[in-house]
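Below is one structure, written out as structure tokens; comments come after it.
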Amino acid sequence: MKRNILSRVDFGALPWGALVATLLCGLFFAGCKKKDSAGNPEEIVIGEFASLTGATASFGQSAHKGVRMAVDEANANGGVLGKKLRLVTEDDQSKAGEAATVVRRMISREKPVAIIGEVASSRSLEAAPICQQNKIPMISPASTNPKVTQTGDYIFRVCFIDPFQGAVLAKFMLQRGWKNAAILTDVKQDYAVGLTDFFKDYFTKNGGFIVSEQSYSSGDKDFKAQLTSIRSTNPEAILVAGYYNEAGLIASQARELDIKVPLLGGDGWDSPSLVEVAGDAMEGNFFSNHFSAEDKSPAVQDFLAKYKSKYLESPDAMSALAYDATMLLFDAMKRAGTTDSAALRDAIASTSGFPAVTGNITLDANRNASKSAVILQIQNGKFRFVETVAP
Amino acid sequence: MDWANLTQQLINGLSLGAIYALIALGYTMVYGVLRFINFAHGDVFMIGAFAGLYVHRWLKPFFQWMPEFFSAFLVLLLSMCICAALGILIEKLAYKPLRQRSRLTVLITAIGVSLLLSYGAQLLFGAAPKGFPQLIKNETHNLPGAVSITTEQIVVLVVTFLLLVSLRFIVQKTRMGLAMRALSNNPTAASLMGVNTDAVISFTFGLGSALAASAGIFFAMLYQAIDPFMGILPGIKAFVAAVLGGVGNIAGAALGGFLIGLVETLVVGYSKNIGIPPGFRDAVAFVILILILMFKPAGILGKSEREKV
């Protein structure tokens with residue numbers, strides 16, 4: 045009897061243990077990236093942290109492609125300051141808390157001269173104090189919450205900020221005669237909360253009414269309770285302040301509840317996944333964005349052609365902004381003539397009229413770019429240009 | 154009082170509750186026969202949704218020749234079989250060798266299995282959420298009084314009801330059900346009376362996992378997107394549902410599931426009226442858990458039993 049139990053333990057545990065061991069080995073080798081000598085004087089290390097996996101993976105993937113393209117382009121042209129550039133990318137898995145960890149690790153291990161990241165404001169806000177403390181310039185491609193650059197004088201961004209974006213959306217709704225709006229906000233994201241506040245401010249001051257205010261948290265799947273409440277207040281349009289995953293689900297559940305009014309969102313909607321999840325439910329909805337691939341300007345068309353030949357897909361705003369952020373950094377390095385942190389910081393801060401894909405970039409005293417926004421509409425699963433709104 | 158609004162919220166809550174109920178049944182049945190909480194159950198639910206996705210992908214070429222309800226049923230059935238096999242496999246590999254050990258050992262192993270499944274799924278399927286195909290054509294049906302219900306919600310409610318009825322039949326009217334009840338009552342006496350305990354335990358795991366798979370498919374149908382960590386929260390809420398109904402009690406688990414789904418939806422839907430922000434929706438289940446443990450630890454339908462010394 046005793047032997048029986050023993051043999052049972054052995055046979056039961058063996059394949060199980062082997063499986064665990066195999067998986068652990070896999071994780072170990074995946075974590076152990078090839079490490080070049082950090083202090084190589086012949087190269088300049090550029091850091092990047094992005095959400096390559098997880099809930100907002102589309103942002104990180106796009107941004108990374110933009111950064112990679114800029115670095116490859118600069119290296120093909122002989123590098124910057126006579127040195128080759130080396131890009132170090134860390135994945136923060138779209139998780140709160142992870143951005144701070146990976147940026148801290150990247151700074152201590154790889155000693156980057158500057159860091160590009162993140163798209164989501166909450167995660168930029170996590171990493172910004174660390175970059176500020178270590179006096180490493182950080183350029184966020186697409187974080188629109190004003191608090192991001194308020195962290196300190198080493199933090200920059202190349203996109204507009206939410207007081208502007210909120211006003212753009214409010215103005216657009218009022219122009220279309222939608223005076224009664226409902227709001228559905230992702231309370232877990234600084235970006236969404238900020239956007240809602242600025243939207244509300246402009247909208248109510250200019251004759252609009254907020255008939256219902258509801259909220260959710262990133263990662264929620266069921267929005268029918270909030271939408272049912274919204275439905276009973278008969279809004280003419282609904283602002284969905286949040287990221288594309290939830291926006292897609294909200295759109296399809298709204299249509300299931302027979303809510304027919306248009307949904308509006310900010311740049312957090314910009315991802316091919318938006319229509320993948322929601323399908324037809326997304327048709328006719330609007331969102332504000334940084335650029336439109338339908339823009340006929342040579343800068344955009346040139347970028348489009350280069351991007352398509354490299355990645356065989358169309359760029360979105362995140363890749364364009366990340367490309368711009370990286371190119372702006374290289375431009376500043378050239379103007380500074382050095383990668384010394386204080387000189388590089390000053391050079392980035394004095395950027396003026398830099399010709400970028402998403403419009404000329406001039407950084408103001410608060411280290412923000414002042415640029416125009418576009419309104420896009422989802423038609424036949426594509427993002428169609430509606431209008432440009434200047435600041 | 155806005156009755157249309159309330160009715161709509163009740164429909165939303167019931168279809169969410171149906172999913173919790175199906176998961177909760179697995180917790181409660183395993184607890185019934187083995188007296189331990191299988192914390193990997195929420196991840197079996199997740200695997201069920203992924204199984205549905207891939208079964209649908211593989212069989213898609215054959216679907217054009219069959220009616221929609223039949224193909225959806227086929228996806229459901231195959232996913233349930235896959236998860237039943239997975240449940241039995243988990244029991245054989247992870248829990249059976251530990252059956253003579255203390256319950257705590259098995260409990261911790263269950264948490265390990267849960268992590269292995271969710272991170273294994275992330276390795277296999279990727280971390281990005283995947284869209285779930287529409288198994289049946291989803292239409293919104295307008296009921297009188299500005300209330301609407303979708304085809305998917307109807308299907309979820311009806312199939313859940315059928316599954317609950319057939320589960321009751323299995324447990325109450327079949328020999329296997331009798332053996333399950335005997336094992337739950339007294340394992341030693343059951344095995345002395347010639348009940349094949351190993352077979353019964355395997356069967357229980359298979360049955361519970363199949364129900365979890367159906368819940369996974371329904372969840373994916375209603376909420377369209379699936380990811381490797383989707384099982385964690387519904388799993389824990391269903392666990393609360395099982396405790397609420399009286400863990401070990403099958404009718405109680407179903408009741409608890411529906412109650413948790415309803416309360417959660419109503420709290421979010423009427424958050425303005427009762428002053429609880431919707432962000433607390435996940436906290437609702439746990440507040441209920443604390444209250445139950447404080448005032449009626451045996452659950453609504455559970456019998457309080459004295460710990461044998």
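Top to bottom, those sequences are chains U and A.
Taken in order, the first sequence gives residues 45 to 435; the numbers are from this note's numbering.
Taken in order, the second sequence gives residues 154 to 462; the numbers are from this note's numbering.
Beta carbons: idealized from backbone N, C-alpha and C, even for Gly.
Starting from the C-beta of Ala237 (chain A), find all residues in its chain whose C-beta is less than 6 Å away, skip the five residues before and the five after it, and write them out in chain order.
So the qualifying residues of the chain are Gly359, Ser362 and Ala363.
Closer than 9 Å, Cβ to any Cβ of chain A: which residues of the segment 127–161 of chain U, in chain order?
The residues in question are Gln137 and Ser138.
Per the DSSP calculation, Ala94 (chain U) is bridged to which residue(s)?
Partner(s): U:Asp135.
If the criterion is Cβ atoms closer than 8 Å, does the pair Asp311 (chain U) and Asn333 (chain U) meet it?
The answer is yes: Cβ separation under 8 Å.
Using a 10 Å radius around the Cβ and a threshold of 16 neighbouring Cβ atoms, would you call Thr248 (chain U) buried or exposed?
So Thr248 (chain U) counts as exposed.
Please work out which residues of its chain come closer than 7 Å, Cβ to Cβ, to Ala299 (chain A), disregarding the five sequence neighbours upstream and downstream, and give them in chain order.
Only Ala157 meet the Cβ criterion.
By the criterion of Cβ-Cβ separation under 7 Å, what are the contact partners of Ser259 (chain U) in chain A?
Per Cβ cutoff of 7 Å: Pro430, Pro431 and Gly432.
Would you mind giving the Cβ-Cβ distance between Phe335 (chain U) and Ala361 (chain U), rounded to the nearest angstrom? I have them listed as a contact below 8 Å.
Sure, about 5 Å apart at Cβ, within 8 Å.
Confirm, please, whether the CB-CB distance from Gln233 (chain U) to Leu271 (chain U) is below 8 Å.
The answer is no: Cβ separation not under 8 Å.
Among U:Leu129, U:Asn424, U:Ala417 and U:Phe242, which residue has its Cα nearest to the Cα of Thr432 (chain U)?
Comparing Cα-Cα distances from Thr432 (chain U) to each of U:Leu129, U:Asn424, U:Ala417 and U:Phe242, the minimum goes to U:Ala417.
Should Ser255 (chain A) go down as buried or exposed, given a rule of 16 or more other Cβ atoms within 10 Å for buried?
The residue is exposed, with fewer than 16 neighbouring Cβ atoms inside 10 Å.
Report the start-end ranges of each alpha helix (DSSP H) in the segment 357–430 of chain A that is 4 residues or longer and not cut off at the edges.
List check, alpha helix (DSSP H) in window: 385–398, 403–422 and 424–427.
Return the residue from the list U:Pro435, U:Ser385 and U:Asn424 that minimises the CA-CA distance to Gln177 (chain U).
The residue with the shortest Cα to Cα distance from Gln177 (chain U) is U:Ser385.
Spell out whether any CB of chain A is found under 8 Å from the CB atom of Asn289 (chain U).
Chain A, which has a Cβ nearer than 8 Å to the Cβ of Asn289 (chain U), makes this yes.
Is any beta-carbon of chain U found at less than 8 Å from that of Gln325 (chain A)?
Not an interface residue.
In the segment 178–212 of chain A, which residues sit with their C-beta less than 8 Å from some C-beta in chain U, listed in chain order?
The residues in question: there are none.
Under a Cβ-count criterion, where at least 16 other Cβ atoms within 10 Å of its own Cβ denotes burial, should Lys425 (chain A) be classed as buried or exposed?
Label assigned to Lys425 (chain A): exposed.
Determine the direct distance from the alpha carbon of Ser256 (chain U) to that of Leu408 (chain A), and round the result to whole angstroms.
Approximately 33 Å, taken between the alpha carbons.
What are the residues that DSSP puts in a beta bridge with Ala417 (chain U)?
Paired residues: U:Val433.
Hey, how far is the Cα of Leu307 (chain U) from the Cα of Ile413 (chain A)?
Rounded to whole angstroms, Leu307 (chain U) to Ile413 (chain A) spans 30 Å at the Cα level.
What do you reckon, are the CB atoms on Gly452 (chain A) and Ile445 (chain A) nearer than 8 Å?
For Gly452 (chain A) and Ile445 (chain A), yes; Cβs fall inside 8 Å.
Using the beta-carbon count (16 or more within 10 Å), is Leu96 (chain U) buried or exposed?
Leu96 (chain U) should be labelled buried.
In terms of alpha-carbon separation, which member of U:Ile422, U:Ile303 and U:Gln209 lies closest to Ser301 (chain A)?
Checking every option, the nearest Cα to that of Ser301 (chain A) belongs to U:Ile303.
Mind checking which residues open and close the beta strand (DSSP E) that includes Phe192 (chain A)?
Phe192 (chain A) -> no beta strand (DSSP E), and no H or E assigned at all.
Between the alpha carbons of Ile419 (chain U) and Ser187 (chain U), how many angstroms are there, rounded?
Rounded to whole angstroms, Ile419 (chain U) to Ser187 (chain U) spans 18 Å at the Cα level.
Report buried or exposed for Phe267 (chain U), applying the criterion of at least 16 other Cβ atoms within 10 angstroms of its Cβ.
It is buried - the Cβ of Phe267 (chain U) has at least 16 other Cβ atoms within 10 Å.
With H, G and I counted as helix, E and B as strand and the rest as coil, what does DSSP make of Gly309 (chain U)?
Here Gly309 (chain U) sits in strand by DSSP.
Counting only beta-carbon atoms, is Val255 (chain U) nearer than 8 Å to chain A?
So, not an interface residue.
Would you say Gly425 (chain U) faces chain A, with C-beta separation under 8 Å as the test?
Cβ-Cβ to chain A under 8 Å: no for Gly425 (chain U).
Which bits of chain A does Gly286 (chain U) rub up against, with CB to CB less than 9 Å?
Here the premise fails: no neighbours, minimum Cβ distance about 13 Å.
Only counting the same chain, and skipping five residues up and downstream in sequence, which positions put a Cβ closer than 6 Å to that of Glu170 (chain U)?
Contacts found: Ala143 and Ala144.
Counting pairs of Cβ atoms below 8 Å between the segment 194–205 of chain U and the segment 387–395 of chain U, do you hit three or more?
Counting Cβ pairs under 8 Å, three or more are found: they touch.
Say whether chain A places a C-beta atom closer than 8 Å to the C-beta of Gln233 (chain U).
Judged by the 8 Å Cβ criterion, Gln233 (chain U) is not in contact with chain A.
Might you give, ordered along the chain, the residues of its own chain that have their beta carbon closer than 7 Å to the beta carbon of Pro173 (chain U), omitting 5 neighbours on each side?
Excluding sequence neighbours, Pro173 (chain U) sits near Thr195.
Quick one: Cα of His209 (chain A) to Cα of Asp314 (chain U), how far?
So the two alpha carbons sit approximately 29 Å from each other.
Can you give me the start and stop residues for the alpha helix (DSSP H) that Phe242 (chain U) sits inside?
First-last of the alpha helix (DSSP H) with Phe242 (chain U): Asp234 to Lys249.
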